[in-house]
Amino acid sequence: MKTRVKIRVKVNGETTEARIESRLLLVDYLREELGLTGTHVGCDTSNCGACTVIMDGRAVKSCTVLAVQADRREITTIEGLARRDELHVLQKAFWEHQGLQCGFCTPGMIMAAVDLLGKNGMPTDSDVRSAIAGNLCRCTGYNTIVESVLAAAVAMREGGRTVK
Amino acid sequence: MKAREDLPLLYGKGKFLDDVRLPRTMYATIVRSPYAHARVLRVDGAPAKRQEGVVDVIDGRSLEGSYQPLSFGSKVVKASRLRCLAVDKVRYAGEPLAVVLARDKYAGEDAVGYVEIDYEPLPPIVTWEDALEAPALIHEEWGNNLAIDHEFEAGDVAGAFATADHVLEETFKMHRHAGTPMETRGVLAHYEWTSGRLTVWSTSNLPHMYRTSLSETLGIDESRIRVIAGNIGGAFGTKTVPTAEDMLIPVIAVRYDQPIKWVETRSENLKSLHGKEQVHQIRVAVRNDGTILGIRDKIILDLGAYANRTGPVEGLNAACFVPGCYKIQNYAVKLIGVVTNKPPLGPYRGFGKSAPTFVIERVMDRVAKKLGLDVAEVRFKNLVTEFPYRNPAGAVYDSGSYKRGLELALERIGYQDFRKDQGDKRAAGEYVGIGLSCSLDGSGHVVKDALISAFDGVTVRVTRRGSVNVLTGSCGLIGTRHETAFSEFVGNTLGVRPETVDVVEGDTLVCPIGQGSFSDRTAVYTMSAAKIAAEKLRARILRIASAMTEVAAEDLELRGGVISARNSPGLSMKISDVAEAVYKRTYSLPEGLDAGLEETHYFSLRDVEFFPAAGGTGYYPCFGNSCHVAVVKVDPETGKVRILRYVMVHDAGRILNEKIVEGQALGGLVAGFGGALMEELVYDTSGQLESGTFMDYLIPNAPVVPREIEIYHLESPSPMTPVGAKGAGEAGANGSYAALANAVEDALEPFGVSIRDLPLKPEYLWRAIKSSVPSPSKET
Amino acid sequence: MYPAKFEYVRAKSVAEAAHLLEEHGDEALVLAGGQSLIPLMKFRLSTPKYVIDISRLSELSHLQITERGLLVGALTRHAQLAESAAVAEHYPIMRDAAADIGDVQVRNLGTIVGDLAQADPAGDWGPVILVLNAEINCVGTRQKRTIKAEEFFVDSYTTALEPGELITELLIPSAGVNSGGAYVKLGRRSGDFAVASVALQLELTGDVVRSCSIALGGVAPTPVRAVQAERMIVGHVVSEERMKEVAEMVHDAAAPISDARGSADYKQAMLKPLVRKALAIALKRAKREA
C-alpha cells in the first residue's frame with residue numbers, strides 16, 4: 001500500500017514541498033513539518049475552530065483537512081498576517097479591544113474573522129457571532145472578541161484597506 | 001497600556017506546551033480503561049511493541065516500585081494513593097493503564113489497539129445512591145464507598161427550628177460538568193541522566209507545587225527539578241496537579257535518555273477531571289417576616305473514583321459557604337463524600353462556591369414565594385451589612401458591598417419596571433423572568449499544612465543598565481494578564497516606567513517559591529509581595545541616590561525612572577546612574593550597603609484561622625462579592641432559554657486594572673452560562689460517558705452570549721493585605737448559575753415549574769413544564 | 001485523533017473515479033469536501049484502504065440554472081449555495097439549509113452531495129431534496145442513471161447507490177411561480193446537528209395550496225415525507241386552525257429514537273412548532289411577501 005504522497009503547498013506566500021503520509025492532517029503539516037505552531041489543536045471532533053486557517057481564500061479547519069488536499073493550494077496561517085512589525089488590522093483590533101486572554105483560540109478566531117471581513121466589510125454584531133460560531137473560547141466570554149472584529153471592520157473601511 | 005503579553009499570541013508565536021520542540025522526543029499515547037469498574041487480569045504490550053515506530057509499551061506493574069505514589073488524605077478525608085497507571089483494578093472509564101512510546105503520535109495511535117488487556121468487569125457505581133447502597137466497593141480496603149463523613153454545627157439550630165414560623169425542605173442538585181479550557185493538558189519531560197537533572201514543561205499553572213510533587217514521587221531532590229510553564233491556554237482549576245498523567249510522564253522519562261511528550265486529546269480531557277457534582281438536602285427555618293433563622297444542610301458530594309488532593313475541597317468549601325452573604329448564625333451541615341466509578345472531581349471555576357450559591361439563592365426565592373414577599377426584599381432582610389463578619393462555618397468576611405451591590409444591580413436592570421411589565425408580557429404569551437443572586441467570592445485559598453499556603457514570593461531586580469525584572473511565584477501566561485498587571489503595579493510602586501519592567505513567571509529555576517496562580521491568589525498574596533518588595537527596593541535606591549547626591553533620602557523622589565529632589569529643582573538623576581554606581585563602583589557605596597539592587601519578599605499571612613466547618617482544613621482570607629441579575633425569556637414550547645439582559649455588580653476589592661477585572665468577570669459569567677444552560681457530563685448506567693466530545697458536551701459559542709451584559713464595579717478594599725485587592729476570576733461563575741435558575745423559575749411561574757436541578761437544558765424544562773407540579777416546598 | 005494509513009488516489013476523471021470505486025469495492029471511499037469523512041477517519045470509525053479524491057474534477061464543479069431547473073455539481077459547497085443569488089431567489093429553502101449547516105468552516109468545504117451520500121438521519125439536505133423532488137444523477141462503470149430523491153434514502157447511513165457508483169450532480173426541478181418553501185431546524189446550540197427539522201415546499205393558486213411536500217429530519221432512520229399531513233393542506237386555504245391540525249398530524253407521523261440530542265418524545269413534540277414555522281415562512285414566500 002502506497003501510503004506516502006508528494007505535496008506542494010504555498011504557505012504564507014512561500015512554496016513548501018514535502019513527501020508525507022497521505023493521512024497527515026493539514027494542521028500537523030503546518031505545526032510539525034513547517035514548525036508553524038501558531039495554529040492550534042483544541043478538540044478532536046472539528047468543533048472548536050482553534051485550527052482555522054485560510055485555504056484558497058476561505059476559512060477551513062485544518063484538523064479536518066488532509067495535507068494532501070492542500071496540494072497546489074494556498075494557505076495563510078496566523079503567522080502570515082502581519083507584515084514584519086506591522087500588525088494586521090485584525091491583530092491590532094484584538095490587541096486594543098482585549099479580544100484575547102490566554103490566546104489559545106486567538107489565531108483561529110482571527111482567521112475566521114479574516115474570512116468574514118473578506119466577504120462582508122460591514123458586518124453587524126449578529127454577523128460576527130455567526131462567523132465565529134465555529135470558534136470556541138473559554139476565557140473571554142466572546143463580547144470583546146465581537147467588539148474587536150467590529151472595530152477592525154470600521155478601521156478597514158476608514159483606512160481604505162482590504163483584509164488580505 | 002496595551003498588554004505586551006498579547007503580542008506573541010497575536011503573531012502566533014506563543015509557546016504553549018505542544019509548541020515546545022526537543023530533538024529525539026518520543027510520544028506517549030495512553031491506553032485507557034473502557035470499563036468503569038473492573039479488575040485487570042492481564043496486560044500484554046508485546047503485540048503493540050512489534051508495531052512500526054513503537055519503542056516500548058509500559059504497564060502499571062512494570063512501574064511499581066520505581067516511584068512513590070502520592071498520598072492524599074486529611075482528618076476529614078480518607079487516605080488514598082495516586083498511581084500513575086492502574087495495576088490490579090480500574091475505577092473509571094478512561095483511567096490510564098498502559099503507555100505506548102512511539103516515534104510520533106500517529107504511530108502511537110496505530111499501536112494502542114494492539115495492547116492486549118483482559119478485564120473482569122465489576123458492578124459499576126454511577127450515582128451517589130449506588131455508592132451508598134454499595135453493591136461493590138471501589139476501594140476495597142475502605143469497607144465502604146465513603147471518603148468523607150463529616151459533621152459540623154454552630155449556633156442554636158434546634159432552637160431556630162423550634163421557633164420557626166415555617167420550615168422549608170428542598171433538595172437541590174448541581175450536576176457534573178467540566179472546565180474544558182481550549183488547550184488540553186500536556187507534559188514534556190526530559191531527564192538528563194548525566195547531571196541528574198529533570199526538566200518538565202507543563203500546562204500546570206502551579207509549577208512549584210508540581211515540582212515538589214515530582215520530587216516526592218521520583219525521589220529526586222527538588223533542587224534538580226525544573227518545571228517550566230510557558231503560555232497556558234486557560235486552566236480554570238483543571239490544570240492544578242497532580243493527576244496520574246502528570247506523574248506518569250516524568251516517571252517514564254527518568255528511564256530514558258530521550259524526552260517524552262504527552263498531549264491530551266479532547267476526548268481524554270473530558271474524562272480527566274470533573275467538577276461540582278453534589279446534592280444538597282436542605283431544611284430552612286424561617287420567620288414570617290422573611291428572616292432566615294437557621295439551616296440544616298446535608299451535602300452529598302460525588303468525588304468520582306479518587307478523593308485526590310483537591311476534589312474534596314469542592315464539598316468542604318460548600319459546607320462553609322451555604323449561608324452565603326446572609327446573616328445566618330444557626331447552621332448545621334453534614335458532608336458525605338462518596339466515591340463512584342467516574343473520573344475524579346477537581347477544582348473548576350466557582351470551586352465550592354457556585355454550588356452553595358445556587359443552593360442558598362434558590363432558598364431565598366423559595367422563601368419569598370412561601371411568604372408572599374418580593375425576592376429582593378427577602379434578600380435585603382437577611383444580607384450581612386457589617387464587616388468583618390464571621391459566618392457560622394468560621395469564615396470571616398473581611399469587607400464587602402452586598403447591600404449596595406444589590407441596590408445598584410436592581411437599579412441598573414430596572415427591576416421595578418420589569419415587574420410592572422411582566423404581567424402584560426405573560427398575558428401576551430411572552431414568558432420572561434428575572435433572577436437575582438448575591439455571591440460570595442472567596443480568594444486566596446489556603447489548605448492546612450499543605451503546599452497551598454498563605455504566602456507568595458516576588459523578586460524585584462534592577463539590572464545594570466537600569467531596567468527592571470520582576471520574578472514571581474505566580475504563573476501568569478494563562479490569560480490573567482500578569483505581565484501587564486505586575487509591570488504596571490511594580491513600575492508605579494518602584495517609580496519606573498512600566499515599559500522597562502519585564503515579568504518572569506512560571507519557571508521554578510528562576511522564580512521565588514510560590515503557589516502558582518489559582519483561586520485568585522495573585523491579587524491577594526503575590527501583589528502584596530510585589531508591593532513590599534518594590535517599596536523596599538525603592539527605599540534602597542533612594543538611600544544610594546542620597547549618598548550620591550548628598551540630599552536626604554526623604555527629600556528625594558523617584559518617578560518614571562528619574563530621581564529628583566523636592567528642594568533642588570536642578571537635580572536630576574536616572575535610575576541607570578544609580579545602577580551604574582552600584583554595579584561598577586562598589587567603592588562608592590555608602591556604609592552598610594552592599595552591591596545588588598534587588599529585593600525579595602515573601603508576603604505571608606499569619607493569622608490564618610482554618611474554618612471549623614471544613615474540618616479545620618481550609619481558609620480564605622478575603623471575600624469579594626458580586627450581585628447578579630439575569631433577565632431571561634423561555635419558550636415553553638421548546639424549553640429554550642434566551643438571556644435577554646444580564647447585570648453584574650462586581651466588588652473585587654481594590655481595583656488595579658479595570659479592564660483585566662472586567663475580562664475576568666465576563667469570562668466567568670459565560671462559563672456559568674454554559675454550566676447552567678447547556679453543559680452536562682451524562683453518564684449511562686454502566687458508567688460510560690455519553691457526552692464525551694465537543695459534539696455533545698456543548699460549551700457556549702458566540703451566538704449564545706447576549707451583547708447586553710453590563711458589569712459594574714464597586715471597591716471594598718480588603719484590610720487583610722497591603723494592596724487590598726481581592727480576586728476577580730471566579731465571581732462570574734459563582735453567581736450566574738443561581739441568577740439564571742431563579743430567572744427561569746420566575747419566567748415559568750405560570751406553569752408552576754420548580755427549578756431544583758441543573759442544567760436548564762431545553763428538554764429538561766420542556767419536560768418540567770409538561771408535568772408541571774406546583775410548588776412542592778414541604779412545610780412543617 | 002489521526003486516521004489509519006491509506007492509499008490516496010486523485011481521480012483524473014469521473015470515469016476513473018467510478019472505475020477505482022468498483023475495483024476496490026468497500027475498501028474505497030470518496031473524498032470531496034471531507035467534512036463528514038475525515039472526522040470519521042480520525043476516530044477510525046471509517047478505515048478505507050483507498051481514498052479517492054474527486055475534489056479537483058472540473059466536470060463536477062458547476063452550479064447553474066437551466067430550463068430544467070438548478071443543476072448542482074457534486075463539488076458544490078454549502079457556502080456556494082448559501083451565497084448564491086440565484087438560489088436565494090428561486091430556492092430559498094435551499095439557502096435556509098445551506099446557511100445553517102455546521103459553521104462557516106464546514107460550509108466552505110463540505111458539499112451538499114457529500115451530506116446526502118453520508119445519509120445521516122439528522123442531515124440537513126435530505127429533507128430538502130425530498131420536498132423539492134430532486135433527481136440524483138449518478139455514474140458507474142457501466143451505466144449512468146438517475147435516482148429520484150424519494151428512492152435515494154434506504155436506511156440510516158445507507159443510500160441506494162450501488163458499489164462503484166458516484167453522484168455527479170443533482171437536478172432540482174424548477175419551482176412553480178407561486179411556490180415557496182422553508183427549512184427550519186432545532187438544534188441544541190448553533191452549529192449542532194438537528195434535534196429535529198422540517199422542510200416544506202408548497203405552491204399556491206390564489207390562497208389555496210395546490211401542492212405541498214413536507215419532509216421531516218432527525219426523527220427516523222431516513223428523512224421522511226409526512227404524507228398524511230400533506231393531504232391535509234392540499235386543496236385548502238391554510239388557516240390558523242388548519243395549521244394546528246397539520247402540526248398534530250406531522251407529530252403523529254414521526255417515530256424518532258432517543259439519543260444524545262434528545263429523547264424520542266421531545267423530538268416528536270418539537271416537530272409542531274417547527275412545522276408551523278416552516279409553513280408560515282413558505283406561505284409568505286409563495287405570496288412573495290417574505
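Residue numbers (the numbering used here), protein chains in the order written: chain A, 1 to 164; chain B, 1 to 780; chain C, 1 to 290. Glycine included, each C-beta is placed from N, C-alpha and C at the ideal position.
Could you give the distance in angstroms between the alpha-carbon of B/Gly12 and the alpha-carbon of B/Pro69? 38 angstroms
Closer than 9 angstroms to chain B by CB, A/Pro123: no
Interface residues of chain A around B/Thr238 at Cβ under 9 angstroms? Near B/Thr238 there are no residues of chain A at all, since even the closest Cβ is about 10 angstroms away, more than 9 angstroms.
Quick one: list the residues of chain C neighbouring B/Asn701, beta-carbon separation under 7 angstroms, in chain order. Arg189, Ser190, Gly191
Three-state class that DSSP yields for B/His482 in the structure shown: helix
Measure the C-alpha to C-alpha separation of B/Gly514 and A/Val146 and round it to an integer number of angstroms. Taking the Cα positions, B/Gly514 is about 36 angstroms away from A/Val146.
If we count the other Cβ atoms within 10 Å of its Cβ and call it buried at 16 or more, is C/Val237 buried or exposed? exposed
Could you tell me whether the Cβ atoms of A/Thr64 and C/Ile101 are closer together than 9 angstroms? Contact flag unset, no.
Counting only runs of 3+ residues fully inside the segment 582-644 of chain B, write out the beta strand (DSSP E) ranges in chain order. Runs of the beta strand (DSSP E) inside the segment 582-644 of chain B: 598-604, 622-634.
Coil, strand or helix - B/Ser686 by DSSP: coil
Kindly list, in the order they appear in chain B, the residues whose Cβ is closer than 8 angstroms to that of A/Gln69. Per Cβ cutoff of 8 angstroms: no residues; A/Gln69 is ~17 angstroms from chain B at best.
Keeping to the same chain, check which residues put their C-beta closer than 7 angstroms to that of B/Gly674; ignore five residues upstream and five downstream. Ile699, Pro700
Alpha carbon to alpha carbon, how far is B/Arg538 from B/Lys584? Give it in angstroms, no decimals. Near 20 angstroms, if we compare the C-alpha coordinates of B/Arg538 and B/Lys584.
Which bits of chain A does B/Asn231 rub up against, with CB to CB less than 9 angstroms? Cys102, Gly103, Phe104
If we ignore side chains and look at the alpha-carbon of each, how far apart do B/Gly159 and B/Phe321 end up? 22 angstroms
Can you list, in chain order, the residues of its chain with a C-beta nearer than 7 angstroms to that of B/Phe611? Leave out the 5 residues immediately preceding and following it. Cys320, Ala393, Gly394, Ala395, Gly618, Tyr619
For B/Val704, return the contacting residues in chain D, with the cut-off set at a CB-CB distance below 8 angstroms. Considering every chain present, this structure includes no chain D. Its protein chains are A, B and C.
Go to B/Cys320, then tell me how far its alpha helix (DSSP H) extends in each direction, as first and last residue. 311-321 is the extent of the alpha helix (DSSP H) around B/Cys320.
Just to confirm the assignment, what range does the alpha helix (DSSP H) spanning C/Phe153 have? From DSSP, C/Phe153 is part of no alpha helix (DSSP H) but of the beta strand (DSSP E) over 153-155.
How big is the Cα-Cα spacing for B/Ala318 and B/Glu679? 21 angstroms
Under 8 angstroms, CB to CB, which of the residues in the segment 154-169 of chain C have a partner in chain B? none
For A/Arg129 and B/Leu644, I'd like the C-alpha separation in whole angstroms. Cα-Cα distance, rounded: 16 angstroms.
Just the chain C side, please: which residues come within less than 8 angstroms of B/Lys105 by C-beta, in chain order? Met1, Tyr2
Residues in the same chain with beta-carbon distance under 6 angstroms from C/Gly33, minus the five sequence neighbours each way, listed in chain order, please. Leu109, Gly110, Thr111, Gly114
Within the 9 angstroms Cβ cut-off, does A/Leu117 reach chain B? no
Please determine, among B/Thr291, B/Asp421, B/Glu411, the residue with the shortest C-alpha to C-alpha distance to B/Val367. With distances taken between Cα atoms, B/Val367 lies closest to B/Thr291.
Which of the three DSSP states, helix, strand or coil, is assigned to A/Val9? strand
Looking at chain A, is there any beta carbon in it that lies within less than 9 angstroms of the beta carbon of B/Lys271? B/Lys271 does not count as touching chain A.
Count the other CB atoms, across all protein chains shown, that sit within 10 Å of the CB of B/Leu666; report buried if there are 16 or more and exposed otherwise. buried
Put B/Glu430 into one of helix, strand or coil per three-state DSSP. In the three-state scheme derived from DSSP, where H, G and I count as helix and E and B as strand, B/Glu430 is classed as coil.
The segment 78-93 of chain C / the segment 145-165 of chain C touching (three or more Cβ pairs under 8 angstroms): no
Looking at C-alpha atoms only, which residue of B/Leu146, B/Thr480, B/Ala725 is the closest neighbour of B/Val77? B/Leu146
On the CB-based measure, 16 or more other CB atoms within 10 Å of its CB, does B/Thr199 come out buried or exposed? buried
Inspect the beta-carbon positions of C/Gly73 and C/Glu83 and report whether they are closer than 9 angstroms. no
In angstroms, rounded to a whole number, what distance separates the CA positions of B/Thr586 and B/Arg540? B/Thr586 and B/Arg540: Cα-Cα distance of roughly 15 angstroms.
Need the endpoints of the alpha helix (DSSP H) that B/Thr781 sits in, please. Since the first residue of chain B shown is 1 and the last is 780, residue 781 of chain B is not available in this structure.
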